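Just below is one structure, and these are the notes that go with it.
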Amino acid sequence: MVKVRIAPSPTGFLHVGTARTALYNFLFARNGGGKFILRIEDTDIERSSDEMVNVIIESLKWMGLHWDEGPYFQSERRDIYVEYADKLLQAGLVYPCYCTKEEIEERKRVTEKKKKKKGWKYDRRCLHLTREEKKQFERERASALRFRVERASSFEDFLHGKIERSKEDIEDFVIIKSDGMATYNFACVLDDHLMGITHVIRGEDHIPNTHKQILLYEAFGWMPPEFVHLPLILGPDRSKLSKRHGAVSVLEYRDRGFLPEAFVNFLALLGWSPGGDREIMSLDEIIGLFSLERVGKRGAVFDTKKLEWMNGEYIKKMSDGELLRRLSPFIENKPGIEEKGDEYILRVIALLKERMTLLSQFWELGSYFFIPPEQYDIESFTKYVKKGRAETRKERIEKVINAFKELKKFDRDMAENCVRGVAEGMGIKAALIIHPIRFALTGKTGGPGLFEIMEILGRDECIKRLEYFVENILPQLNIKN
RNA sequence: GUCCCCAUGGUCUAGUGGUUAGGACACCACUCUUUCAAGGUGGUAGCACGGGUUCAACUCCCGUUGGGGACGCCA
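Note that this note's numbering has the first sequence beginning at 111, numbered continuously upward.
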C-alpha cells in the first residue's frame, strides 16, 4: 500500500506551492487507496510556532485535504534522531564539527573572494582535527554532527529519470545541529523510513537535498522510497512563486473570496492534466482521474485571472442556498444584512451570482439592496449622459415617481410596464429613462435588470430613493437640462 | 560561478513519427440586452534554434540558446 506525506514547516503560513504538493500527495494516496499523513517539520525551534501549525491545519482542512495519520511533530522525536545519529557516529560515517557559524562564514567569504565565484563547500576542518584540538573544543564548544560524504549519489526520479551528482558536488552536511536537534535532511530520512513512506512527492527545489538523503539511506542500509519531484509553481516572471508576486498564502485566497473547490481544481491543473479537454472537476472526479504519469515537467505560472474565472464558474453552478452559506463570513457584519433576513438575501443572490467571480464581490456589487447608495458613481453616469443615452430632466423622473405612487401592486412586470408607459407618454425611448433610474436606485451604471432590482427593493424604497436623487444628486450632476 | 532541472500561442495545457497542431484563460470584434456581467459567434497568437536518426519529425538523439532551481547548524 502506498503511503505519502505532506511535511510543511510551521515557520510561515501554508504556501500555495506547498498546498499543491499536499494536493498531489493527497490525490495520489486517495487514487491508489493509500494513506496520506501530515508531519510538521518543526526542527527549527526558533522559527516554528504553534500559531503557524494551526494556520497550516486550517488551510489543509479548508482545501478538503484530510489526512489519515498525524500530525506528527518532529520536535517530539528528537530522541529518535539522536539515537540513529549515534549509530552513524559509531560506524564512523559522521564526525563532530566544532566550527561556529561565524567561522564558516568567514572562511566561505575568503574562499569565494579568492576564486571570484560562489560555490563553497565545507572544508572538512573538523575532520582533520588533532586529538588535542578535539579535546580542547570538546571542553569549550558544542558540536554538530557532519556526515562524511565519500561517494556519489544517484537516484531514479519518477518524473525526471536518473539524477546523479558526484561526491565533489556534495558537501559534508550537518545531520545534528549544535543544539542537539536533527536537521531537515536527517529528520526527513528517518521519519520517511520509520513511518513507512513509499513515495516522496515534493517540489523540484528538493532535488539537491535528495542526493544527501540518498547517502543517508545508503548509510543505514535502507531502501529509499520512490522520489517524485514536481516542477515549481511560478510567478508571472517565471521565477519561483513568492511573496513578492502577491498572495501566496492559502488562507489569503480563502479570505479574498475564493471557493475551496475552485482553488483545488485550479491547483490540480497546475502541472497535471487528465488529458483531453476536461477542466472543471470536483475533488472526487480529480481523485478518480489522477495519476503521476500525467504530471508535467514544466514549471507552471500561477495565473490568478484563470483562477478567478474558475471561481466564477463554481459560483454560477452553486445553489443559491449553498452560496448563502458560503457568503456568510463576507456579509455577516454588513449593515442591513441582519434586518433583511435570508429570504431576501437569497433573492439578491439569484440576481448577483452570475456577476460574481469572488465571494467578496457580493457586497461591492449589491450593497444597495440593503442600504441606500452611499456613493453615486457620477463620473460613469456623466459619460453616459454625454453619449446621449440617458435623460436627466427632473420632470421626467418625477413623472415616474408619480406613476409609481399610483401603482397598487409592484412586481417586475408592473414596474416595467409602468416605466415603459411613462417613456412612451413622453415620446422617448425607454432606455433614456431607465438609465437614470438605475443610477438613482443603485448609484451605479451597471448591474442586474432594473425591474428585477425594483421588485426586490419594493415600491416605497424605489420612490424614496428616486425622490432623494431628484432633490440631492441630480442638482450636483451639473448637466444642462 | 558550479551542479541539477526544464522548453507547444501572453498563461494553463492536449498531442506521443504522418494532425488544417486541439481545448481553456486572457485579449479583440460582432451578437444579445435597459446597463454591467453571463451567453453565443468569430478572430489575433504557438511547436526556441542548429544538427542528426527516418521515406516522414512538435514528437526520438546530440548540441546551442533561453528560463528556472540548489549551493545554510532553513525547511
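Built from N, CA and C at the ideal position, the CB exists for glycine as well. Please read all numbers here as calculations on a predicted model, not as lab measurements.
- Query: Helix, strand or coil: how does DSSP classify ARG219 here?
  - Reply: The count along the first sequence starts at 1 and reaches residue 219 at position 109. In this structure, ARG219 counts as helix in the three-state DSSP scheme.
- In its own chain, which residues sit with a C-beta less than 8 Å from the C-beta of PRO370, not counting the 5 before and 5 after it? Within the first sequence, numbered from 1, the residue matching residue 370 stands at position 260. Within the same chain, PRO370 has close Cβ partners TRP172, MET173, GLY174 and ARG364.
- Query: Whose C-beta lies closer than 6 Å to the C-beta of PRO384 among residues of the same chain, with five residues either side of it excluded?
  - Reply: Counting from 1 along the first sequence, the entry for residue 384 is found at position 274. Excluding positions up to five away in sequence, the list reads LEU399.
- Per DSSP, PRO445 is paired with what? For the purposes of this step, residue 445 is identified with residue 335 of the first sequence, where counting begins at 1. In the DSSP output, where bridge partners are listed per residue, PRO445 has none listed.
- Message: For ARG569 and ARG499, I'd like the C-alpha separation in whole angstroms.
- Response: Here residue 569 refers to the residue found at position 459 when the first sequence is read from its first residue. Here residue 499 refers to the residue found at position 389 when the first sequence is read from its first residue. Cα to Cα, ARG569 sits roughly 25 Å from ARG499.
- Task: Let me know the beta strand (DSSP E) ranges lying completely inside the region 171–250, each 3 residues or longer, listed in chain order.
- Result: 179–183 and 204–207
- Query: Mind checking whether SER159 and SER359 have CB atoms under 9 Å apart?
  - Reply: Taking the first residue of the first sequence as 1, we reach residue 159 at position 49. Taking the first residue of the first sequence as 1, we reach residue 359 at position 249. No; because the gap between Cβ atoms is not below 9 Å, this pair is not in contact.
- Task: Identify the continuous beta strand (DSSP E) that holds PRO263 and give its terminal residues.
- Result: As a working note, residue 263 is residue 153 in the first sequence. The sequence given here has Ser at residue 263, not Pro. Its beta strand (DSSP E) spans residues 263–267.
- Query: Which same chain residues, not among the five before or five after LYS407, have their C-beta less than 8 Å away from its C-beta?
  - Reply: Here the question's residue 407 lines up with position 297 in the first sequence. Same-chain partners within the cutoff: LEU269, HIS270 and PRO341.
- Task: Keeping to the same chain, check which residues put their C-beta closer than 6 Å to that of LYS590; ignore five residues upstream and five downstream.
- Result: By one-based count along the first sequence, residue 590 stands at place 480. Low per-residue confidence applies at LYS590: pLDDT is 48, beneath 50, and the placement is therefore not dependable enough to give any value.
- Query: Less than 9 Å separating the beta-carbons of ILE397 and ASN135?
  - Reply: Against the first sequence, residue 397 aligns to sequence position 287. Against the first sequence, residue 135 aligns to sequence position 25. No, these two residues do not count as a Cβ contact at 9 Å.
- Item | Per-residue DSSP class, three states only, for ALA313 | Residue numbering aside, residue 313 sits at position 203 when the first sequence is read from its first letter. It should be noted that the sequence gives Gly, not Ala, for residue 313. Correct three-state label for GLY313: strand.
- Return helix, strand or coil for HIS270, following the three-state DSSP convention. To locate residue 270, count along the first sequence from 1; it is residue 160. Three-state DSSP puts HIS270 in coil, outside helix and strand.
- Go ahead and label VAL220 buried or exposed: buried means 16 or more other beta carbons lie within 10 angstroms of its beta carbon, across all protein chains shown. Within the first sequence, the letter at position 110 stands for residue 220. Answer is exposed; the Cβ neighbour count stays below 16.
- Task: Specify the secondary structure class of VAL411 as computed by DSSP and reduced to three states.
- Result: Walking along the first sequence from the start, residue 411 turns up at place 301. Strand at VAL411.
- Alpha-carbon to alpha-carbon, VAL580 and LYS504: The residue you call residue 504 lines up with position 394 of the first sequence. The residue you call residue 580 lines up with position 470 of the first sequence. Their backbone Cα atoms lie some 6 Å apart in a straight line.
- Message: Taking DSSP's pairing of strands, which residues face ILE286 in a bridge?
- Response: Here residue 286 refers to the residue found at position 176 when the first sequence is read from its first residue. Per DSSP, LEU255 and ALA292.
- Query: Do ILE573 and PHE514 have their CB atoms nearer than 9 Å?
  - Reply: As a first step, residue 573 is located in the first sequence; it is residue number 463 there, counting from the start. As a first step, residue 514 is located in the first sequence; it is residue number 404 there, counting from the start. In this structure, PHE514 lies closer than 9 Å to ILE573 by Cβ.
- To the nearest angstrom, report how far apart ILE307 and PRO335 are at their CA atoms. Position 197 of the first sequence, counted from the first residue, corresponds to residue 307. Position 225 of the first sequence, counted from the first residue, corresponds to residue 335. Each residue's Cα considered, the two are about 7 Å apart.
- Opposite HIS339 in the DSSP bridges: which residues? Position 229 of the first sequence, counting from 1, holds the residue named residue 339. Beta-bridge pairing links HIS339 to ARG312.
- Item | Validate contact between the region 459–474 and the region 419–429 using beta carbons, cut 8 Å, 3 pairs | yes
- Message: Going by C-alpha to C-alpha distance, which of GLY556, PRO558, LEU551 and ILE155 sits closest to ASN582?
- Response: The sequence position of residue 582 within the first sequence is 472, counting from 1. ASN582 has its Cα closest to that of LEU551, out of GLY556, PRO558, LEU551 and ILE155.
- Say whether the region 376–383 touches the region 409–418, bearing in mind that this needs 3 or more beta-carbon pairs closer than 8 Å, one atom from each stretch. yes
- Message: Quick check: the region 232–239 against the region 270–283, are at least 3 beta-carbon pairs closer than 8 Å?
- Response: yes
- Just the C-alpha distance for PRO439 and VAL192, rounded to the nearest angstrom, thanks. Numbered from 1 along the first sequence, position 329 holds the residue referred to as residue 439. Numbered from 1 along the first sequence, position 82 holds the residue referred to as residue 192. Approximately 47 Å, taken between the alpha carbons.
- Environment of MET291 [buried if 16+ CB atoms lie within 10 Å]: Numbered from its first residue, the first sequence carries residue 291 at position 181. It counts as buried.
- Task: With distances taken Cα to Cα, identify the nearest neighbour of ARG157 among ASP302, PRO120 and GLU179.
- Result: Stepping through the first sequence from its first residue, residue 157 is reached at position 47. Out of ASP302, PRO120 and GLU179, PRO120 has the C-alpha closest to the C-alpha of ARG157.
- Message: By alpha-carbon positions, which one of PRO346, ALA525 and SER185 ends up nearest to PHE296?
- Response: Reading the first sequence from its first residue, position 186 is the one you call residue 296. For PHE296, the nearest C-alpha among the options comes from SER185.
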